[in-house]
Amino acid sequence: MKGSTYRRCSCRDPKTGKELGTSCPKRNSRNHCTYSVRQELSPREDGSRRSFARGGYASLKAAQADLDHVRALLGLADSDDPEGTGLIAEMLAEVSRERSPLPEVEETRRRLNSGQDLIGSLTVAEWLDRWLAGKRIRKSGLNRYETDIRVHLKPRIGNRRLDRLRVSHLSEMFTDIREANAQILEDNAQRRAALDELGTVPWKGVGNRARRKVMKAAIDEMPPFRRVTGPATRLHVKATLRAALNDAIGQQIITFNPAAHVEIDPVRKPKALVWTDERVAKWEQTGEKPSPVMVWTPEQTGAFLDFVAEDRLYAMWHLIAFRGLRRGEACGQPWSETNLDTHFLTVSSQLVQDGWEVEASDPKTDSGSRVVALDDDTVDVLKHHRERQETAREEWGTAWVETGHVFTQEDGSWLHPGKVTDLFERLVAASGLPPIRLHDLRHGAATLMLAADIDIKIVSDTLGHSDTRITRDIYQSVLPHVGKSAAEATAKLVPLQRKAEAEKAARKAAKKEKARRAAAKAADVGKGSKGGGKPKRDKVKAQAKSAKKATRRKPKK
0 MKGSTYRRCS
10 CRDPKTGKEL
20 GTSCPKRNSR
30 NHCTYSVRQE
40 LSPREDGSRR
50 SFARGGYASL
60 KAAQADLDHV
70 RALLGLADSD
80 DPEGTGLIAE
90 MLAEVSRERS
100 PLPEVEETRR
110 RLNSGQDLIG
120 SLTVAEWLDR
130 WLAGKRIRKS
140 GLNRYETDIR
150 VHLKPRIGNR
160 RLDRLRVSHL
170 SEMFTDIREA
180 NAQILEDNAQ
190 RRAALDELGT
200 VPWKGVGNRA
210 RRKVMKAAID
220 EMPPFRRVTG
230 PATRLHVKAT
240 LRAALNDAIG
250 QQIITFNPAA
260 HVEIDPVRKP
270 KALVWTDERV
280 AKWEQTGEKP
290 SPVMVWTPEQ
300 TGAFLDFVAE
310 DRLYAMWHLI
320 AFRGLRRGEA
330 CGQPWSETNL
340 DTHFLTVSSQ
350 LVQDGWEVEA
360 SDPKTDSGSR
370 VVALDDDTVD
380 VLKHHRERQE
390 TAREEWGTAW
400 VETGHVFTQE
410 DGSWLHPGKV
420 TDLFERLVAA
430 SGLPPIRLHD
440 LRHGAATLML
450 AADIDIKIVS
460 DTLGHSDTRI
470 TRDIYQSVLP
480 HVGKSAAEAT
490 AKLVPLQRKA
500 EAEKAARKAA
510 KKEKARRAAA
520 KAADVGKGSK
530 GGGKPKRDKV
540 KAQAKSAKKA
550 TRRKPKK
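Take a look at the structure:
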């Protein structure tokens, strides 16, 4: 296809207003005219012509460089690739029309080979929408991604070009999130203070009603209560963006993932602590929990189970406390996967909460699908629960909702995981025991198994962990007596020579002292019998004679 460079004079006739062109008297001046380029492109599908044209070059060299650039772009498509040729031609026509810079040859080659749009510049927001639409995961996970994108990513970096996203942009984003947290805390404090002040104003009285109206209007103008974006949420936002950008790399849209290199505040998972007597005493004084994750002692767990023995869902609390099922797993456990004759149940489904909606889903992880052994007591508890459920089914009659689940609402319908948590918290509060979360009951099951010297692999499999390290790092809360026993056992393993020698010397000294005392006693006995017998006999005779005189009566006159 033809292409050329040429000189052009933009001077105009002052009378007619037309360009002078080649008749300009200054045309021969070296610096008077500018240079232009024109390159014919392949025609459109309807046969209409299209071309690349651009002017205003100060030198022929600059014009020729752009013409060579255009021809290099045209050469990216193979001669037998009419589709590629048409895409490049349309891109160049668009660039000419919009007077935008010529795209880089290598970048255009990459976009052409990966099937990307050659004209537009894909933004972060556009890619995130495309990426999210292509995800095939369960609804709860999809909603979590959508929230990260809608609340955090789009507002802050959505307008940036995807291929120009840098680590510094993400650092600025997370800094902005932290600063927004400070503002949220301040706004929440102001709104709370205003509500507290409103609560002090009486309802009765014309003046009070007018004052309350003004105060309510001011509160309505304040930002609503909002939650801060904590470290765990920030980490999830980073993970969402990193996953989206990794897929962009896989599709050859970008070559670098800045989300993999941005640094944010580390998330320190709270360690589970046991409610020892000292911690319980402090909680009773202050009402404060030492850690977000707290575990009951065996005695406290037993006290709770005794307290809720008549609760309709007692069997669920018992099962979680001893076998460590997750909340959703317990809510979704079917009778068809619960074999009380063989003392096993199979975890194969769960009920998950999406917003306030409930849906059935596969277990949380592949390792979550597992077989859990049941002890005799748990089997008896589940048998009794099944009998009560059969009675309830008969009482409800045709209104009974047949779900086949072990644990249900009164009418047989699905349990709502959120309502189960609320019920558990009310029962804990009523029991007077120190507070734990429902998930902490699962922590306690792990701790009890480990305290009973159950092998860590069996504990991990029972809980549905993919790795025993997860069990060790998260769920192993050492009970006080277990820790003391471990300390004593550890100390006995190390032979301390100095301590052994001291104990040996002490035993030897005690033995010598015992021998000395025995010898001294023997010497005292021997001294009394050797040459000392007569004085002793004389003393006895003297005492007898004295007694006789004392009892002798005087004769009467």
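Count the sequence shown with numbering that gives the first Met the number 0 and you get residues 0 to 556, in order. By construction, the Cβ of each residue, glycine as well, lies at the ideal position given by its N, Cα and C atoms.
Nonlocal neighbours in the same chain, by C-beta distance under 7 angstroms from residue i, ignoring five residues either side
i    : result
A359 : G331, S348 and L350
A398 : D410
S368 : V346, S347 and P362
R392 : W399 and G411
Contacting residues, own chain, Cβ-Cβ under 6 angstroms from residue i (five flanking each side not counted)
i    : result
M315 : A329 and F406
K153 : A124
V266 : P230, A231 and L234
H640 : With the chain represented from 0 up to 556, any question about residue 640 goes unanswered, as that position is not in the structure.
I218 : A193
Span separating the alpha-carbon of residue i from that of residue j
i    : j    : result
Y125 : S35  : The residue you asked about is not Tyr; residue 125 is Glu in the sequence shown. For E125 and S35, the distance between alpha carbons rounds to 36 angstroms.
C23  : I248 : 55 angstroms
K456 : A445 : 11 angstroms
V227 : H415 : 27 angstroms
T345 : V307 : 26 angstroms
T239 : R109 : 25 angstroms
G417 : V200 : 36 angstroms
L318 : R137 : 27 angstroms
G531 : E512 : For G531, the predicted structure reports a pLDDT of 49, less than 50, and the residue's modelled location is therefore unreliable. The matter cannot be settled from this model.
A514 : M448 : 53 angstroms
S47  : G55  : 26 angstroms
S459 : R385 : 28 angstroms
E39  : K134 : 43 angstroms
R96  : L73  : 17 angstroms
A504 : Q299 : 47 angstroms
A64  : E145 : 46 angstroms
R191 : E185 : 10 angstroms
R559 : L426 : Because the chain here runs from 0 to 556, residue 559 falls outside it and cannot be looked at.
K535 : D523 : Note that K535 scores a pLDDT of 49, beneath 50, so its modelled location is shaky; the value from the coordinates is reported in the next line. Using only the alpha carbons, I get a separation of about 15 angstroms.
A193 : H442 : 40 angstroms
E590 : F343 : This structure gives no information on residue 590, because the portion of the chain shown stretches from 0 to 556.
W274 : P297 : 10 angstroms
D421 : W355 : 13 angstroms
R149 : E106 : 30 angstroms
I453 : Y313 : 25 angstroms
L161 : D374 : 56 angstroms
For residue i, the residue or residues it bridges with in DSSP
i    : result
A359 : L350
G2   : Q38
A372 : F343
L449 : Answer is none; L449 lacks a bridge partner.
S50  : E39
E18  : R11
R160 : T122
T33  : R7
L272 : M293
T337 : L344
F384 : The question names Phe, yet the displayed sequence has His at residue 384. According to DSSP, H384 bridges with nothing at all.
W168 : The residue asked about is misnamed: residue 168 is His in this sequence, not Trp. Looking at the DSSP assignment, H168 forms no beta bridge with any residue, so it has no partner.
For residue i, the nearest candidate out of the options (CA to CA)
i    : options                   : result
R70  : A52, S58 and E424         : A52
D379 : L414, D361 and T341       : T341
S430 : W334, A518, K363 and D305 : D305
R163 : N256, T232 and D246       : N256
E336 : I148, P81, A518 and V371  : V371
E262 : L66, A302, V166 and R11   : V166
T4   : G16, W282, R11 and A62    : A62
R143 : V236, N207 and P81        : V236
C8   : D454, W413, N27 and K1    : N27
L86  : C32, N112 and L117        : L117
Residues near residue i by beta carbon distance below 8 angstroms, same chain, minus five either side
i    : result
S290 : P269, K270, A271 and L272
N187 : F224 and R225
N158 : T122, V123 and A124
**Request:** Check whether the region 431 to 443 touches the region 308 to 327, counting contact only when three or more Cβ pairs, one atom from each stretch, lie closer than 8 angstroms.
**Result:** yes
**Prompt:** Are the region 270 to 284 and the region 175 to 191 touching by the rule of at least three beta carbon pairs closer than 8 angstroms?
**Reply:** no
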